[in-house]
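Number of protein chains: 2
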Amino acid sequence: MEDMRGATSVDVARRAGVSQATVSLVFTGTSGRTRVSAATRERVLAAATSLGYSPHPLARALRQRRSGILALVPRVHRTTPAVAPVPFQFSLYLTRAALHHGFHVIEVGAAGDPVVTEGGLVPFLRRRRVDGVIFDGPDNARDVERVVAAGLPVVQAIRPQFAVETATIMVDPAPGIGAAIDHLVALGHRRIAFVGRGGPYPTDRTRLDAFQAALARHALVAATADPVLVADYSVDQAYAAVRPLLAQETRPTAIFAAGDNLALGVLRALYEARIRVPDEMSLVSYDDIFAADLYPPLASVAQPLADVGEQAITLITALLDPARPKDQPAAHLLAATHFVVRRSTCPPPRPSAGNQTAPAG
Amino acid sequence: MEDMRGATSVDVARRAGVSQATVSLVFTGTSGRTRVSAATRERVLAAATSLGYSPHPLARALRQRRSGILALVPRVHRTTPAVAPVPFQFSLYLTRAALHHGFHVIEVGAAGDPVVTEGGLVPFLRRRRVDGVIFDGPDNARDVERVVAAGLPVVQAIRPQFAVETATIMVDPAPGIGAAIDHLVALGHRRIAFVGRGGPYPTDRTRLDAFQAALARHALVAATADPVLVADYSVDQAYAAVRPLLAQETRPTAIFAAGDNLALGVLRALYEARIRVPDEMSLVSYDDIFAADLYPPLASVAQPLADVGEQAITLITALLDPARPKDQPAAHLLAATHFVVRRSTCPPPRPSAGNQTAPAG
DNA sequence: TTGTAAGCGTTATCAG
DNA sequence: CTGATAACGCTTACAA
């Protein structure tokens, strides 16, 4: 309103009748105990608000040798939410958390981003002067290693590469998956199939492990069909992979899909085979990003992505703290999943033989 | 690898045996014709690459009085992709385009974001020193007005508030919707329903207009049921609103849903009513963000959001150009939609009476 | 407790 | 065509 160019600390100083450095002290030392007398602080603050002053973030950053910019390296080059829901959702939460903590986030396309390919990831990060890097479920250790070797603070989120020693905030699938299996077993299901990603990635393996451990608790391990493993989290692959399963003579009565988009593929196969959900087949997904919006609304294991975003920023902030001892080991955090019941599960069509538990409701 | 602190222009100057200012000239005047002799330019560039030098973005920004930060104000506070697909997708494209043009984007939560509510939108933008603001389909003119009044360059994207004079890049629904209707009519459909948002927003109205104009071209206006209007783009509202339509004695044979998430609600209603798509009901959506991933894969009118993002950045860049005459009127761009056929349409179950056109296929 | 002064790494103006 | 020199707006010893 008043003047086009924003007021500077010099303007405030002049109006408050103090030196410019004092103004800076008032606005900087706000966290620690006051380093400036209450009286002058009052005057400075009054002058500042009357002039509509706020410290210039760029000038501050330049002086402090901190850009305030974080890089997010997602697991895949994002395309559309249905194809890869987690990167979309996580990007949102991370960005939001970062903003609240005074950071900006730039998203560095994964492999294939032209921005990166011309020169590689590390030079790109250097040019942009990022303060730290957050990897979202990196598929290989190489990129992570390079960034660590370059001396940049790194946090790996959701599903880390443990081969590289960095701070991590990972998601523990066990609680949610355990609850999901308990729920299905309580309904009377005995043959529950698993559709998820195979391959060498530990965290994919973790989901399967959690699934099998939960079944084992109910002494059901032998009754379970082999896991249906796909090469990537994609609608089409899940669709193609699950079709043979549905054509089996004694097909499962419930399916656990280790991702919302895998569930989408499974749903397609079910619709085409005219198998109704949940009457003829119960279905549970993992992610809970758009599970609630499908038909029927899908029971799902929810990943706490908002928490993960928040924690990732906390970890990076800790790493950036100059007071932090250099030899302190990196922190490893764990965020629990939880299970949400909706309308995609019910007791199986005909109780299996030797069923000793009465189906619920 | 070499040294922790990045090399500065002074280092480069020393190594190349020139003054620091010359280094700056080499890196700044890259766009215009060379202001520095080829020989020295060569030497400077060599020294720079050997030192791994690149200009510090923050220092440059501070000096040029340009933060390089753009604010994106989405139509709604984003939650999940299925609830509001367009903001998710547009945010991705805009951010990506911005990055390629050297800008960062911060997303300012719409109404209700705590970041904003403490002080209001304009003070927030001022504190962050954003260079410009991009509104994504603003629902009211007030916010836009305030930002314009504050003197910030503004671009309105997708569906603008024309009450406020700003640069705009909007999406023209007519080509895509026209093609969709042509397609349905060619298949033999005569009763086509419209499900979309009502209310005073011109661009919602535009979709309905395009729909009705397309029908009129086929002299079908009278045959169409009243449009089903919902108050907001939401799965639940579409579901609730479309149910009475399906219960009608002579229900439509095809439905056009003016948003992917509206289509999701319509699909739910259809499934529950055991009306099969496309055999008993053809369905076309608008947005084409996750239409292809549903079952059946939905024919959809695609919005060119990637183009819109690119153009929005172009417009903002033009506005930021100091050489631009002050009285030059704001540009108004238009991006065309197009129609994508998939597996959610087919000829209607029984041809309507008086049908003179032979159904295709 | 407060003021002075030296940068942070650029760009821009103005001589030469 | 090139080199000094003064900002850009702030933080941070160090001095008073």
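Those protein sequences? They're chains A and B, same order as listed.
For the first sequence, this note's numbering gives the first residue as 1, with consecutive numbering after it.
For the second sequence, this note's numbering gives the first residue as 1, with consecutive numbering after it.
Ideal Cβ placement from N, Cα and C applies to all residues, glycine included.
Per DSSP, the bridge partner or partners of phenylalanine 135 of chain B:
B:Val73, B:Gln156
Please list, in chain order, the residues of the region 220-249 of chain A that have any C-beta partner in chain B closer than 8 Å.
Val235
Continuous alpha helix (DSSP H) assignments of at least 4 residues falling wholly in the region 268-331 of chain B:
305-320
So, is proline 160 of chain A buried or exposed, given that buried needs 16 or more other C-beta atoms within 10 angstroms?
buried
Whole alpha helix (DSSP H) elements within the region 141-193 of chain B, 4-residue minimum:
141-149, 174-187
Would you call valine 10 of chain B buried or exposed, if buried means 16 or more other Cβ atoms sit within 10 Å of its Cβ?
exposed
Considering glutamate 249 of chain A, what are the terminal residues of the alpha helix (DSSP H) in which it resides?
Taken as a continuous stretch (DSSP letters only), glutamate 249 of chain A belongs to no alpha helix (DSSP H), as it is neither H nor E.
Rounded to whole angstroms, what's the CA-CA distance from alanine 269 of chain B to arginine 75 of chain B? Just pull it up for me.
27 Å
From the beta carbon of alanine 302 of chain B, is the nearest beta carbon of chain A less than 8 Å away?
no
Kindly say whether aspartate 293 of chain B, judged by its beta-carbon, lies nearer than 8 Å to any beta-carbon of chain A.
yes
For arginine 60 of chain A, name the three-state secondary structure that DSSP assigns.
helix
So, under 8 Å CB-CB, phenylalanine 290 of chain B and alanine 82 of chain A are touching, yes? Tell me the CB distance rounded to an integer number of Å.
4 Å
Would you list the one or two residues that DSSP bridges to alanine 336 of chain B?
B:Asp172
Going by beta carbon distance, what residues of the same chain come within less than 7 Å of glutamine 20 of chain B, once the five residues before and after it are set aside?
Ser9, Val10, Ala13
Given a threshold of 16 other Cβ atoms within 10 Å of its Cβ, counted over all protein chains shown, does glycine 32 of chain B qualify as buried or as exposed?
Residue placement at glycine 32 of chain B is flagged as unreliable, the pLDDT there being 49, under the threshold of 50; the coordinate-derived value follows with that caveat. By the 10 Å Cβ count, glycine 32 of chain B comes out exposed.
Note down, in chain order, every chain A residue with its Cβ under 7 Å from the Cβ of proline 85 of chain B.
Pro81
Taking just the CA atoms, how far does isoleucine 106 of chain A sit from leucine 92 of chain B?
11 Å
Within this structure, are the beta carbons of isoleucine 177 of chain B and alanine 157 of chain B separated by less than 8 Å?
no
Check whether the Cβ of leucine 283 of chain A lies closer than 8 Å to any Cβ atom in chain B.
no
Quick one: list the residues of chain A neighbouring glutamine 89 of chain B, beta-carbon separation under 8 Å, in chain order.
Thr80, Pro81
Going by DSSP, name the residue or residues bridged to glutamate 107 of chain B.
B:Leu72
How many whole angstroms separate the CB atoms of leucine 70 of chain B and alanine 47 of chain B, which I take to be in contact at a CB cut-off of 8 Å?
About 33 Å; that fails the 8 Å criterion.
With H, G and I counted as helix, E and B as strand and the rest as coil, what does DSSP make of alanine 257 of chain A?
strand
Three-state class that DSSP yields for arginine 207 of chain B in the structure shown
helix
Quick check: the Cα distance between alanine 174 of chain A and methionine 281 of chain A, rounded to an integer number of angstroms?
23 Å
Glutamine 226 of chain B, buried or exposed, once every other Cβ within 10 Å from all chains shown has been counted against 16:
The sequence shown places aspartate at residue 226 of chain B, rather than the glutamine named in the question. Exposed, by the Cβ-count rule.
As assigned by DSSP and simplified to three states, the class of glycine 196 of chain B:
strand
Label glycine 259 of chain A either buried or exposed according to how many other C-beta atoms from any shown protein chain fall within 10 Å of its C-beta, with 16 as the threshold for buried.
buried
May I ask you to report which of helix, strand or coil DSSP gives valine 230 of chain A?
strand
For proline 57 of chain A, decide whether its Cβ has a neighbour in chain B, counting only Cβ atoms nearer than 8 Å.
yes
Need the endpoints of the alpha helix (DSSP H) that alanine 39 of chain B sits in, please.
38-51
Using 8 Å as the threshold, is the C-beta distance between leucine 315 of chain B and arginine 129 of chain A below it?
no
Whether or not the region 182-202 of chain B and the region 308-326 of chain B are in contact is what I'm after, with contact meaning three or more pairs of Cβ atoms, one per stretch, closer than 8 Å; do they touch?
no
Taking tyrosine 53 of chain B as the reference, which of B:Val73, B:Asp136, B:Arg63, B:Gly6 has the closest Cα?
B:Gly6
Report the three-state DSSP secondary structure of proline 347 of chain B (helix, strand or coil).
coil
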